[in-house]
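According to mature numbering (1 follows the signal peptide of the UniProt record, and there is no 0), the residues represented by the sequence shown are -19 to -1, 1 to 362, in order.
Glycine included, C-beta positions come from ideal geometry on N, C-alpha and C.
Presented below is the structure to which this report refers.
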Amino acid sequence: MFSSLLAASLLSLALSANAFPEYRSLAGLSAAEVRAVARTFQSTPGAQPLPPAFNDTSSKLVFDDAHPWEPLRPGDIRGPCPGLNTLASHGYINRSGVVSPGEIITGVQEGFNMGWDLATFVTYAAFIVDGNHLTNLMSIGAKTPETGPDAPAPAIIGGLNTHGAFEGDASTTRDDFALGSNFLFNETLFDQLSQAAIDFGSNGTLDITSAAVHRHNRILDSMARNPNFTFVIPRYLTAYAETTFPLAFFVSHQKSDSSMTLDLDDARSFFQNHKFPDNFFRRNGSFGNTEVSTLITEVFELFPEILPGNNEGAGNYIVDPNDPGFSGDNTCYAYYKQTNFTLSLYPDPTDELRTALQQNLATFYTTLGDPTCEEVFPFGQ
């Protein structure tokens, strides 16, 4: 089944909004100039080792005095992931919304008790296509000069809002890119989630069945209305993982089996307000690859007829026979696909950028655990 998949750490980054008043290119810079540019950021430049796994995975108060909720300041960035948005608004990751991969990995462990294996894979699957390899920074939302100067095109360095790199269609409470905003909270979609909880959930709360119903409805809606709907790996996997995350992470004192249901007011607190509910305790026990695979199986098996594919015009969904979906080795398929996409973004990197890419792709491979696939080296070894 699906062995790895979302999308925050203790090292906070305080970046000057005026450090780079415009998007600059790294093309033509010498190695020394690139190093000088990287040092202007209050971050450790270049690829970094993975932070450690947390030993303490017990439930604990996370809306505490050390992590108060604060409203957005001018220039703060939020994006399509309500979990990362919440961690930023409480200071578990940098409140600016510009973060390092290590921050994300540590932050999701500390704030949500996400398992290290899941946290590292999802973070690097996103970072290698959306982040800045030289400065070790990524936006959790929109593209910003605060992540550092751009690499030459076709590199994007666009943050998690970038459609089709890691973020994808049929989101729980965000619209499809082709139909509206793929990162702003959508009241209509939240109302649909709430109605699924009322009609199919447990006493008007969100449970695994009602979450699966909403997942199915979102896919059908995208099939019907979005002429550019794309639902292949990695989005095919992350969409189902995204469905399980509110139950796994947004329920105070959630049990290790994630059996408790989600109150809709608490759901709104995360999805819309980026805020832990008052007196919120993280789950008991980490939620990693094994746990997410179990819940994804429950969601998928309620509506197993939808296979990976894409629309060729609204209402014309074509199954992709080459995408394994939940059959076969989808972890390796995702690894090769994200790696090849990264190569397409950086066809001719400078020496220092190439080194950072080599190191980050090597780290991405290690996050797979013990895969059956062989490591590839598109930028050399």
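Helix, strand or coil: which one does DSSP assign to residue i?
i	result
Q362	coil
L288	coil
T353	coil
F262	strand
A248	helix
G92	helix
T87	helix
P126	helix
Q23	Legend: pLDDT at Q23 = 47, less than 50; position of this residue unreliable, value from coordinates given subsequently. Of the three classes helix, strand and coil, the one that applies to Q23 here is coil, per DSSP.
Over what stretch of residues does the alpha helix (DSSP H) that includes residue i continue unbroken?
i	result
I200	I189 to R206
D98	W97 to D111
L243	It is not in any alpha helix (DSSP H) - L243 carries neither H nor E in the DSSP assignment.
T323	N311 to L326
L338	D332 to T347
F181	E168 to F181
N270	N270 to L283
R216	R216 to F230
Which residues does DSSP list as the beta-bridge partners of residue i?
i	result
Y298	N292
T186	S183
L118	N113
T211	N291
H144	E148
Mind checking if residue i is an interface residue toward chain B, Cβ cutoff 8 Å exclusive?
i	result
F35	Of the protein chains in this structure there is only one, and it is not chain B.
Measure the beta-carbon distance from residue i to residue j and round it to whole angstroms, keeping in mind my assumption that it falls under 8 Å.
i	j	result
F147	A106	6 Å
L342	T312	Contact flag wrong, Cβ pair sits at about 15 Å.
G161	R216	Contact doesn't hold; Cβ gap of about 17 Å is too wide.
F230	R264	7 Å
I74	A123	Going by Cβ atoms, the distance from I74 to A123 rounds to 16 Å, so no, they are not a contact pair.
L245	A178	6 Å
V232	G290	So it is not a contact: roughly 33 Å between Cβ atoms.
L243	P227	5 Å
T128	T116	6 Å
residue 375	V110	In the structure displayed, the chain extends from -19 to 362; residue 375 sits before or after that span and is not available.
S239	E272	7 Å
P260	F44	The identity of residue 260 in the sequence shown is Asn, whereas the question assumes Pro. So it is a contact: roughly 7 Å between Cβ atoms.
- Task: Identify every run of the alpha helix (DSSP H) within the segment 36 to 81, keeping only runs that are complete inside it and at least 4 residues long; order them along the chain.
- Result: 63 to 70
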